[in-house]
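Working notes, beginning with the structure itself.
In this note's numbering, the protein residues as written are 1 to 467.
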């Protein structure tokens, strides 16, 4: 495993998420201290292409001067002031107006939180509030999809598809109803075409709603494309059929655009590209280019009507947070919108997508690769050892085996990918150029070649030992 120059030093005081706690006590983690564009540099000076935008969020690359300046200006003028009790700052007002003009819902109203986990958690809380005052307090249950990921709070962990998100922590699952993820074609039944596949999933959804009691189900939350499931884009008929079932039973549709929002698909919202009509949308990560923590809960017309009923009954909306709509975060998010316009980020993404797709498909001749999946500037490379079957949806966030081996070889080669069960997920900064895409591909192929060579050497050693 790659380690940096100071690998003899470790710090038992730090606890890092999604990490082996035992390993943290004995081995110094990989530490990065600088970034520029699509590259990050470890403390020894080695460069890496961040091919996942650091968990799908550093959309405009590292150390962008305009974003740094926007943060600096706000820090100098008013570094912090809570947005609550009928008080806020100019950047929050501007951000809400501009984001509302772009929102994929009708008559939007926006609450700013700090993380995507918070945004999804608060959306559930707000739904309970509105439903209660609209005469439907029993509508508390949430539908989500297996293999999905919607956050790390108690409520959002219950919606996650990976069992390790809730079982290990004893998360109460009373609000959670889970249905199959549209991992087409990997989870299709023998002989099943796209229409039959999506009809089966819609029928399953209706069955789950009926068994739970339609009057108890508040909403379904879904990502347009779920990276945690292995980056499967659903067939075109999936969401129309799902939406029809939800509307039939008065169940709302919440779209989680934490990953896919802000240009990842080549449009501002994947919902827009896919023709979705959500009741509410959540966003985070790319909203401020990940330079500052901020998330948005974008609520539509009917949802807002229900919130207003509560306000009429109580005289106020009793929710807030010290750092919600943080002044510096909002200022950086406004500058992100400026950059999108000034540098034509969406146009750039649309122009490089064909080159991105060709790079992904160039791996199809590799012995360890069994397929690719593509959606905007997202990609997944399916991997399997020769003779092994391809995986379905990624059922766990903890990964071993081939994808982990390629990830570790990628660190040696200077490229960071996201290993999941049976695939490698890629999500580079939106500013990536064709030549940088080519370099990413070269480094990743080198990693795949290294793992294949190691597998061949191990096989030869096994045969020699058998003799």
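Heads up, the beta-carbon is just placed ideally off N, CA and C, and yes, glycines get one too.
The alpha helix (DSSP H) enclosing residue 256, as first and last residue numbers:
For residue 256, there is no enclosing alpha helix (DSSP H); the residue is part of the beta strand (DSSP E) that begins and ends at 252-256.
So, do the region 417-428 and the region 48-64 have three or more beta carbon pairs nearer to each other than 8 Å?
Counting C-beta pairs closer than 8 Å gives three or more between the region 417-428 and the region 48-64, which meets the contact rule.
According to the Cβ coordinates, are residue 422 and residue 369 closer than 8 Å?
A distance of 8 Å or more separates the beta carbons of residue 422 and residue 369.
Tell me the DSSP secondary structure of residue 353 in three-state form.
In the structure shown, residue 353 sits in a helix (DSSP, three-state: H, G or I).
Taking the continuous alpha helix (DSSP H) assigned at residue 198, which residues delimit it?
Counting along the chain, the unbroken alpha helix (DSSP H) around residue 198 starts and ends at 194-212.
Which residues does DSSP pair with residue 423 in a beta bridge?
According to DSSP, residue 423 bridges with 382 and 420.
Can you tell me whether DSSP reads residue 33 as helix, strand or coil?
In the three-state reduction of the DSSP assignment, residue 33 falls in the strand class.
One or two residues paired with residue 296 in a DSSP bridge:
In the DSSP output, where bridge partners are listed per residue, residue 296 has 112 and 283.
Is there contact between the region 374-383 and the region 262-269, where contact requires at least three CB pairs shorter than 8 Å?
Under the three-pair Cβ rule at 8 Å, the region 374-383 counts as touching the region 262-269.
Under three-state DSSP, which class holds residue 50?
Three-state result, residue 50: strand.
Can you confirm whether the region 238-245 touches the region 135-147 when touching is taken to mean that 3 or more C-beta pairs between the two stretches lie within less than 8 Å?
The region 135-147 is not in contact with the region 238-245.
Whole-angstrom distance between residue 276 and residue 247, CA atom to CA atom
Between the C-alpha atoms of residue 247 and residue 276 there is a straight-line separation of about 13 Å.
Residue range of the beta strand (DSSP E) that residue 220 falls in?
Counting along the chain, the unbroken beta strand (DSSP E) around residue 220 starts and ends at 217-222.
Taking C-alpha atoms, which residue in 95, 341 and 429 lies nearest to residue 50?
Comparing Cα-Cα distances from residue 50 to each of 95, 341 and 429, the minimum goes to 429.
How would you call residue 22, buried or exposed, if buried means at least 16 neighbouring beta carbons within 10 angstroms?
Residue 22 is classed as exposed because its beta carbon has fewer than 16 other beta carbons within 10 Å across all chains shown.
Helix, strand or coil: how does DSSP classify residue 310 here?
Helix at residue 310.
Spatial neighbours of residue 98 in its chain, beta-carbon cut-off 6 Å, leaving aside the 5 residues before and after:
Around residue 98: 337.
Cα-Cα separation, residue 347 to residue 431:
About 11 Å.
Where does residue 111 land, buried or exposed, given buried means 16+ other C-beta within 10 angstroms?
Here residue 111 is buried: its Cβ has 16 or more other Cβ atoms, across all protein chains shown, within 10 Å.
If you pair each beta-carbon of the region 196-216 with each one of the region 153-167, do three or more pairs fall below 8 Å?
In this structure the region 196-216 does not touch the region 153-167; the number of beta carbon pairs closer than 8 Å is below three.
If I'm right that residue 130 touches residue 307 with Cβ under 8 Å, what's the distance once you round it to whole angstroms?
Under the criterion of beta carbons closer than 8 Å, residue 130 and residue 307 qualify as touching, at roughly 5 Å.
How would you call residue 72, buried or exposed, if buried means at least 16 neighbouring beta carbons within 10 angstroms?
Exposed is the call here.
Please name the residue or residues paired with residue 415 in a DSSP beta bridge.
Residue 415 is bridged to 49.
Please list the segments of the beta strand (DSSP E) lying wholly inside the region 319-352, counting only runs of 3 or more residues, in order along the chain.
Runs of the beta strand (DSSP E) inside the region 319-352: none found.
Is residue 188 closer than 8 Å to residue 175 when the C-beta atoms are compared?
Cβ atoms of residue 175 and residue 188: not closer than 8 Å.
Give, in chain order, every unbroken run of the beta strand (DSSP E) that is at least 3 residues long and sits entirely within the region 41-101.
Listed in chain order, the beta strand (DSSP E) runs fully inside the region 41-101 are 47-50, counting runs of at least 3 residues.
How would you write the range of the alpha helix (DSSP H) that residue 25 sits in, first residue to last?
Taken as a continuous stretch (DSSP letters only), the alpha helix (DSSP H) holding residue 25 covers 21-26.
Assuming residue 153 contacts residue 118 (C-beta within less than 8 Å), just tell me the rounded distance between them.
That belief holds up - the Cβ atoms of residue 153 and residue 118 are roughly 7 Å apart, short of 8 Å.
Out of curiosity, what's the CA-to-CA distance linking residue 34 and residue 45?
Distance between the alpha carbons of residue 34 and residue 45 is about 9 Å.
Tell me which residue opens and which closes the beta strand (DSSP E) that residue 372 is part of.
From DSSP, the beta strand (DSSP E) with residue 372 extends over 369-375.
In DSSP terms, what residue 178 is bridged to:
DSSP output for residue 178 lists 144 as bridge partner(s).
Considering only the beta carbon of each residue, do residue 25 and residue 43 sit closer than 8 Å?
In this structure, the beta-carbon distance from residue 25 to residue 43 does not fall below 8 Å.
Meets three-Cβ-pair contact criterion under 8 Å: the region 350-359 and the region 318-328
No, the region 350-359 is not in contact with the region 318-328.
Distance CB(residue 403)-CB(residue 424) smaller than 8 Å
Yes; because the gap between Cβ atoms is below 8 Å, this pair is in contact.
Can you check which of these residues, 149, 439 and 454, is closest to residue 227 by C-alpha distance?
Nearest of 149, 439 and 454 to residue 227, Cα basis: 149.
What is the DSSP secondary structure of residue 5, reduced to helix, strand or coil?
Note that residue 5 has pLDDT 48, beneath the 50 cutoff, so the model's placement of it is unreliable and the number below is only indicative. Three-state DSSP puts residue 5 in coil, outside helix and strand.
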